[in-house]
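Sequence lines, in order, name chains A and B. First residue of the first sequence: 5, per this note's numbering; consecutive thereafter. First residue of the second sequence: 18, per this note's numbering; consecutive thereafter. In this text, a Cβ means the ideal position worked out from N, Cα and C, and glycines have one as well. Worksheet: the structure to be examined is printed underneath.
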Amino acid sequence: GDSVTQMEGPVTLSEEAFLTINCTYTATGYPSLFWYVQYPGEGLQLLLKATKADDKGSNKGFEATYRKETTSFHLEKGSVQVSDSAVYFCALGFSGGYNKLIFGAGTRLAVHP
Amino acid sequence: DVKVTQSSRYLVKRTGEKVFLECVQDMDHENMFWYRQDPGLGLRLIYFSYDVKMKEKGDIPEGYSVSREKKERFSLILESASTNQTSMYLCASSPPSYSPLHFGNGTRLTVT
Numbered sequence: 005g006d007s008v009t010q011m012e013g014p015v016t017l018s019e020e021a022f023l024t025i026n027c028t029y030t031a032t033g034y035p036s037l038f039w040y041v042q043y044p045g046e047g048l049q050l051l052l053k054a055t056k057a058d059d060k061g062s063n064k065g066f067e068a069t070y071r072k073e074t075t076s077f078h079l080e081k082g083s084v085q086v087s088d089s090a091v092y093f094c095a096l097g098f099s100g101g102y103n104k105l106i107f108g109a110g111t112r113l114a115v116h117p
Numbered sequence: 018d019v020k021v022t023q024s025s026r027y028l029v030k031r032t033g034e035k036v037f038l039e040c041v042q043d044m045d046h047e048n049m050f051w052y053r054q055d056p057g058l059g060l061r062l063i064y065f066s067y068d069v070k071m072k073e074k075g076d077i078p079e080g081y082s083v084s085r086e087k088k089e090r091f092s093l094i095l096e097s098a099s100t101n102q103t104s105m106y107l108c109a110s111s112p113p114s115y116s117p118l119h120f121g122n123g124t125r126l127t128v129t
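Written out as structure tokens, the structure is:
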């Protein structure tokens with residue numbers, strides 16, 4: 005069945021370091037791909053999305069490119085801040101499917117000053 | 018801004034109790050969802066609803082039921098709570114068109 009695999013955390017970085025969180029997926033058909041972020045004590049919120057191959061989603065300095073050939077959607081940021089400390093979830097979904105999403109396990113990011 | 022409100026932030030219940038988790042959204046969204054979040058497993062879909070009185074099973078519906086009598090409210094029911102249902106429960110809503118889910122802040126349920 006359809007699934008999402010993320011790199012295990014926690015990921016610990018110093019402020020201004022480069023961030024990569026790996027995400028790969030398995031899907032029948034052509035899903036849309038998402039990154040959601042969960043800050044401490046809050047629900048998830050959409051960070052960025054891409055709806056077709058080679059699309060790049062971006063928001064708040066984060067970027068991810070939909071790579072069909074490698075079935076990947078890795079999240080990157082050039083210079084992380086302490087305020088980026090959160091749990092990041094990769095997800096996939098299909099249009100016309102009532103917006104049901106399949107989530108990865110989540111990757112916790114801790115950024116230290 | 019869309020607001021999804023879950024009635025309790027923390028809940029402690031005993032094994033065998035019937036438990037109700039309530040979720041209300043204020044944006045007239047057709048779709049509503051219940052997920053549970055567990056470390057290392059991410060979010061798993063329990064049930065969802067695409068209209069009043071309509072419900073569909075998600076990936077892990079066993080031990081749960083839902084109720085949607087009004088468009089804005091979606092309730093998750095644990096008929097007889099068990100310790101393996103200790104978890105964080107997240108409610109979400111969305112319009113019918115393909116758009117982001119809006120999540121509540123979650124209810125952390127402990128079953129003792």
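Query raised in the report: Under a Cβ-count criterion, where at least 16 other Cβ atoms within 10 Å of its own Cβ denotes burial, should A57(A) be classed as buried or exposed?
Result: Residue mapping note: residue 57(A) aligns to position 53 of the first sequence, counting from 1. Flag for A57(A) reads exposed.
Query raised in the report: Mind listing which residues of the stretch 25 to 49 of chain A have their C-beta closer than 9 Å to chain B's C-betas, in chain order?
Result: S36, F38, Y40, Q42, G45, E46, G47, L48, Q49
**Report entry** Per DSSP, the bridge partner or partners of Q54(B)
**Finding:** In the second sequence, the residue the question calls residue 54(B) occupies position 37. For Q54(B), which the question treats as bridged, DSSP gives the partners L60(B), M105(B).
Query - Exposure label - R85(B); buried when at least 16 CB within 10 Å - result: Position 68 of the second sequence holds residue 85(B). Buried is the call here.
**Report entry** Beta-carbon proximity check, A68(A) vs S89(A), cutoff 8 Å
**Finding:** The residue you call residue 68(A) lines up with position 64 of the first sequence. The residue you call residue 89(A) lines up with position 85 of the first sequence. No, these two residues do not count as a Cβ contact at 8 Å.
**Report entry** Alpha-carbon to alpha-carbon, G110(A) and S97(B)
**Finding:** For the purposes of this step, residue 97(B) is taken as residue 80 along the second sequence, with counting starting at 1. For the purposes of this step, residue 110(A) is taken as residue 106 along the first sequence, with counting starting at 1. Roughly 29 Å separates the two Cα atoms.
Report task. Could you round the C-beta distance between L79(A) and A95(A) to whole angstroms and report it? I think they count as a contact, below 8 Å. Result -> Here residue 79(A) refers to the residue found at position 75 of the first sequence. Here residue 95(A) refers to the residue found at position 91 of the first sequence. Between A95(A) and L79(A) the Cβ distance is about 12 Å, and since that is not below 8 Å, they are no contact.
Requested in this report: Compare the C-beta of Q105(A) against all C-beta atoms of chain B and say whether one is closer than 8 Å.
Outcome: If you number the first sequence from 1, residue 105(A) lands on position 101. Correcting the residue type first, residue 105(A) is Leu in the shown sequence and not Gln. Yes, L105(A) lies at the interface with chain B (some Cβ there is under 8 Å from its Cβ).
Report task. Could you list which residues in chain B have their beta carbon closer than 8 Å to that of F93(A), in chain order? Result -> Mapped onto the first sequence, residue 93(A) falls at position 89. Those are G59, L60, listed as they occur along chain B.
Query raised in the report: Does F120(B) have its Cβ less than 8 Å from a Cβ in chain A?
Result: Indexing the second sequence from 1 puts residue 120(B) at position 103. Output row for F120(B): interface = yes.
Query raised in the report: Cβ of N129(A) within 8 Å of Cβ of L52(A)?
Result: Because chain A is modelled from 5 through 117, residue 129(A) falls outside the range shown and cannot be assessed.
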